[in-house]
Amino acid sequence: MSIRHRFLPFLVLCSLLFSGAGCGTSKAEQEAEKPVKLKVWRVFDEENTLKPVMDAYQKIHPNVSFEYRILRSDEYENELIRAFATGTGPDIFSIHNTWVNAYKDLIFPLPETLKIPYSEMKGTIKKEKVTTVREEKTITPRQVKDQFVDAVAEDVVQEYQSNPKENPKPTIFGLPLSVDTLALFYNKDLLNTVGIAEPPKTWKDFQDQTKKLTRFDNTNKIIQSGAAIGTSKNVERAFDILSVLMMQNGTTMADNGHATFATETDGTFPGTDALRFYTDFANPTKEVYSWNTEQTGSFQAFASGKTAFFLGYSYHIPLLKAQAPKLNMSVTTIPQIISDGRIVNYANYWVETVAKASKNTKWAWDFIQFVTGEKQVPLYLDEAKKPTARRSLIIKQMEDEDINVFVGQLLTAKSWYRGKDMTVVEQIFNQMIDDTLAGTEKLEDILKQAQTKVNQTY
250 MSIRHRFLPF LVLCSLLFSG AGCGTSKAEQ EAEKPVKLKV WRVFDEENTL
300 KPVMDAYQKI HPNVSFEYRI LRSDEYENEL IRAFATGTGP DIFSIHNTWV
350 NAYKDLIFPL PETLKIPYSE MKGTIKKEKV TTVREEKTIT PRQVKDQFVD
400 AVAEDVVQEY QSNPKENPKP TIFGLPLSVD TLALFYNKDL LNTVGIAEPP
450 KTWKDFQDQT KKLTRFDNTN KIIQSGAAIG TSKNVERAFD ILSVLMMQNG
500 TTMADNGHAT FATETDGTFP GTDALRFYTD FANPTKEVYS WNTEQTGSFQ
550 AFASGKTAFF LGYSYHIPLL KAQAPKLNMS VTTIPQIISD GRIVNYANYW
600 VETVAKASKN TKWAWDFIQF VTGEKQVPLY LDEAKKPTAR RSLIIKQMED
650 EDINVFVGQL LTAKSWYRGK DMTVVEQIFN QMIDDTLAGT EKLEDILKQA
700 QTKVNQTY
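For the sequence shown, our numbering assigns the number 250 to the initial residue and increments by one for each residue that follows.
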């Protein structure tokens with residue numbers, strides 16, 4: 250036999266080994282061992298908040314690694330759009346609950362099933378690694394409605410037509426780790442000074458207490474604000490506050506994909522009444538006058554002890570503790586119109602979703618389902634100190650005194666905007682507030698103009 254013929258079997262063997270064939274490696278094993286790096290982009294949360302869950306996922310899927318990037322909220326959208334345009338975007342990214350429709354074309358929605366490889370050791374005497382590819386059903390839109398608080402399904406479940414030959418059907422475009430709710434922060438020292446033993450439960454109580462807490466100098470300049478509310482740009486989350494006032498007053502904010510908050514209801518304009526109520530706190534001719542455009546931002550004013558009431562979210566707690574560690578503050582539920590009537594709260598949260606451009610869509614969605622699941626999400630919630638999005642965890646979280654106020658409002662919390670440009674809509678609401686305070690137009694006209702502009706963003 251020639252040297253050439255003797256060498257052929259060796260070449261064939263090498264070829265088989267390098268190709269993975271003929272060496273006992275199944276296709277499932279190859280897939281389970283193929284390295285996958287998931288790029289994750291988020292806002293606010295440092296990597297340590299998700300690390301316990303990422304570690305738990307890697308124990309099941311050691312081939313998966315994570316590249317975690319946190320961005321500032323003011324740069325996030327621009328960076329995201331630039332990255333997608335240049336093909337350098339993330340696999341998993343966070344979007345605000347009001348952005349789902351805006352980003353719909355960039356999202357790879359959750360499929361009905363996922364095929365994921367799993368490796369496990371089997372055998373009694375001789376342990377052997379067995380790798381299989383499991384095709385598992387994903388969470389359904391119905392399960393999202395049943396397992397998460399109501400606000401979630403209304404935002405993340407959208408009609409979608411994946412096949413032109415089929416009718417559109419409810420499809421999931423993201424899942425949340427947490428849902429926050431708007432609550433009332435108050436300065437206990439300022440309330441104690443004027444003899445107020447308990448914070449307000451209704452907006453009438455809020456008005457009465459604000460009047461007692463606001464102090465002026467001899468030129469009618471505010472030297473102590475009762476409540477940081479009534480203006481636009483220097484009130485944190487003014488859009489949310491005005492929205493919840495409208496919703497509590499019976500305003501239908503939107504219907505069938507159109508804004509309707511200026512619409513007449515039973516002979517009245519509940520949206521107009523709510524707008525007037527809000528801006529009265531910044532109107533010098535009103536008894537409840539306690540705030541104006543000359544004040545510093547509402548968060549800063551509360552942190553420095555210059556206002557008694559501040560409307561905010563659970564994420565403000567660590568910020569306040571860091572900036573004003575000696576501030577004697579507490580948190581209570583947001584006031585309602587009447588104490589024993591219909592309760593309406595406001596939801597504000599982010600959802601995790603998968604980029605359509607990702608090459609790892611199945612792994613990305615598998616991880617999102619894992620991290621938002623009932624068993625794993627407590628690892629994140631405990632680290633981040635945030636309210637749950639899952640109904641089954643509410644009772645347990647009510648034991649946490651730092652966040653139980655926000656948690657207790659989850660079942661009655663809603664949001665309303667589902668258009669395509671939340672930034673513009675917030676600007677429209679700010680302009681609506683400014684125009685009302687200017688007093689040059691009728692409230693009904695201001696509201697109708699704002700409604701028309703908002704509808705242009707759908």
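Beta carbons: idealized from backbone N, C-alpha and C, even for Gly.
The region 522–536 makes contact with the region 488–501, as at least three CB pairs between them are under 8 angstroms. Here P390 has A402, V406, P419, T420, I421 as same chain residues with Cβ atoms under 8 angstroms from its own Cβ, once five neighbours each way along the sequence are excluded.
Comparing alpha carbon positions, the residue from D504, E361, D395, V654 closest to E384 is E361. DSSP places Y306 in the uninterrupted alpha helix (DSSP H) bounded by 296–309. Three or more beta-carbon pairs separated by less than 8 angstroms are not found between the region 481–488 and the region 456–472, which leaves the two stretches without contact. Contact check between the region 579–594 and the region 425–444: three or more CB pairs, one atom from each, fall below 8 angstroms, which counts as touching. Between T621 and L630, the beta carbon gap of about 11 angstroms keeps them out of contact (Cβ cut-off 8 angstroms).
Per DSSP, reduced to three states, the secondary structure at M578 is strand.
If you draw a straight line from the Cα of D683 to the Cα of A334, it is about 36 angstroms long. Here DSSP, grouped into helix, strand and coil, assigns V443 to coil. When the Cα atoms are used, A596 and I472 turn out to be separated by approximately 32 angstroms.
Under the Cβ criterion (8 angstroms, minimum of three pairs), the region 335–348 counts as touching the region 278–290. The continuous beta strand (DSSP E) containing N597 extends over residues 594–597.
The three-state secondary structure of N532, taken from DSSP, is coil. The beta carbons of W614 and V313 sit no closer together than 9 angstroms. DSSP places Q618 within a helical segment (H, G or I) once states are collapsed to three.
Secondary structure at S547: helix, using DSSP grouped into helix, strand and coil. In the structure shown, P627 falls within a helical segment according to DSSP collapsed to helix, strand and coil.
Look at T381 here: in three-state DSSP terms it is strand.
At a cut-off of 4 residues, the continuous stretches assigned as alpha helix (DSSP H) that sit fully inside the region 442–516 are 452–462, 487–497.
Counting C-beta pairs closer than 8 angstroms gives three or more between the region 505–521 and the region 688–707, which meets the contact rule. Taking the C-beta atoms as reference points, I356 is found nearer than 9 angstroms to G423. Of the residues assessed, S427 falls on the buried side of the cut-off, its CB having 16 or more other CB atoms within 10 angstroms. N297 is a Cβ neighbour of E632, given a cutoff of 9 angstroms. With contact defined as three or more Cβ pairs closer than 8 angstroms, the region 659–678 and the region 345–352 are in contact. Between Y409 and the set Q618, V349, M303, the nearest pair of CA atoms involves V349.
S343 carries a strand assignment under DSSP once its states are collapsed to helix, strand and coil.
Assignment of L359 by DSSP, reduced to helix, strand and coil, places it in the coil class.
In this structure, the beta-carbon distance from T661 to N594 falls below 9 angstroms. Scanning L359, E369, F397, V379 for the CA closest to the CA of K386 turns up L359.
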